[in-house]
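The structure under discussion appears below in the form of structure tokens.
Residue numbers (the working numbering), protein chains in the order written: chain A, 70 to 180; chain B, 689 to 796.
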């Protein structure tokens, strides 16, 4: 089945230790998104790729970066995680101006 | 940016009851989606409904774009319907803005 896959599902890191989260899709969609969702809050868009074009939200901290080496894969890099970065990270994809589909998420714990 | 308001914030239902969730938005939209977030955190697509009415089993949704609202109707609720329901909209582009969600608890 076509889908959005995120690895790992759970990630534990130490304060300040870089971490990378992975997302892949078999939908061949143009657009890939990364959202952050903290407890009892709505998902918040961090950035997205439209094909190879990277689009950062204005309030996304510099600590967060992303890479999209090809159509299928997208990575979220957190350079120096702080306690406030503990959250669920959701990857989503869509065609152009179309329905978004979400992966199962990666729950990040920062010790 | 566009404002998205969901009501009620919390809803407690007895199994078998019917209920309606509401989503109001402040500007015209090209995309409107309803999601159910399950206990493991995954967002499950319920409806892609920028306008009109759709039904899927016990769930149905209606969006009246000219009046800037959408409704999600749950009939004959089951305990598996529990979770958070999000409405999300995109005005001119493809970036979704989420409402704060409605937390639904269905009691057996």
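No residue lacks a Cβ here, since even glycine has one placed at the ideal position from N, Cα and C. These figures come from a predicted structure and were not determined experimentally.
Closer than 8 Å to chain B by CB, residue i
i                      : result
residue 183 of chain A : Residue coverage of chain A in this structure runs from 70 to 180, which leaves residue 183 of chain A outside it and unanswerable.
residue 159 of chain A : yes
residue 156 of chain A : no
residue 96 of chain A  : no
residue 111 of chain A : yes
residue 171 of chain A : yes
residue 163 of chain A : yes
Residues near residue i in its chain [Cβ-Cβ closer than 7 Å; skip 5 each side]
i                      : result
residue 125 of chain A : 116
residue 690 of chain B : 713, 714, 715, 777, 779, 785
residue 725 of chain B : 731, 771, 772, 774
residue 763 of chain B : 706, 746
Residues of its chain near residue i, where Cβ-Cβ distance is below 6 Å and the 5 sequence neighbours each way are ignored
i                      : result
residue 761 of chain B : 708, 748
residue 162 of chain A : 73, 94, 96, 98, 101, 170
residue 112 of chain A : 104, 106, 159
residue 700 of chain B : 793
residue 741 of chain B : 750
Per-residue burial, residue i [other beta carbons within 10 Å of its own, 16 or more giving buried]
i                      : result
residue 122 of chain A : exposed
residue 101 of chain A : buried
residue 174 of chain A : buried
residue 786 of chain B : buried
residue 165 of chain A : exposed
residue 790 of chain B : buried
residue 692 of chain B : buried
residue 745 of chain B : exposed
residue 752 of chain B : exposed
residue 108 of chain A : exposed
Where the beta strand (DSSP E) through residue i begins and ends
i                      : result
residue 72 of chain A  : Run containing residue 72 of chain A: none; DSSP gives neither H nor E here.
residue 113 of chain A : 113 to 119
residue 98 of chain A  : Element bounds for residue 98 of chain A: n/a, residue is neither H nor E.
residue 771 of chain B : 771 to 778
residue 743 of chain B : 740 to 744
residue 94 of chain A  : 88 to 94
residue 792 of chain B : 790 to 795
residue 692 of chain B : 692 to 695
residue 179 of chain A : 175 to 179
residue 760 of chain B : 757 to 762
CB contact check: residue i to chain A, cutoff 8 Å
i                      : result
residue 729 of chain B : yes
residue 784 of chain B : yes
residue 788 of chain B : yes
residue 702 of chain B : no
residue 712 of chain B : no
residue 744 of chain B : no
residue 721 of chain B : yes
residue 733 of chain B : yes
residue 761 of chain B : no
residue 736 of chain B : yes
Chain-order list of residues whose beta-carbon lies under 8 Å from that of residue i (same chain, five-residue window excluded)
i                      : result
residue 132 of chain A : 147, 148, 149, 150, 151, 154
message: When you compare the segment 72 to 82 of chain A with the segment 159 to 173 of chain A, are there three or more beta-carbon pairs, one atom per stretch, that lie closer than 8 Å?
response: yes
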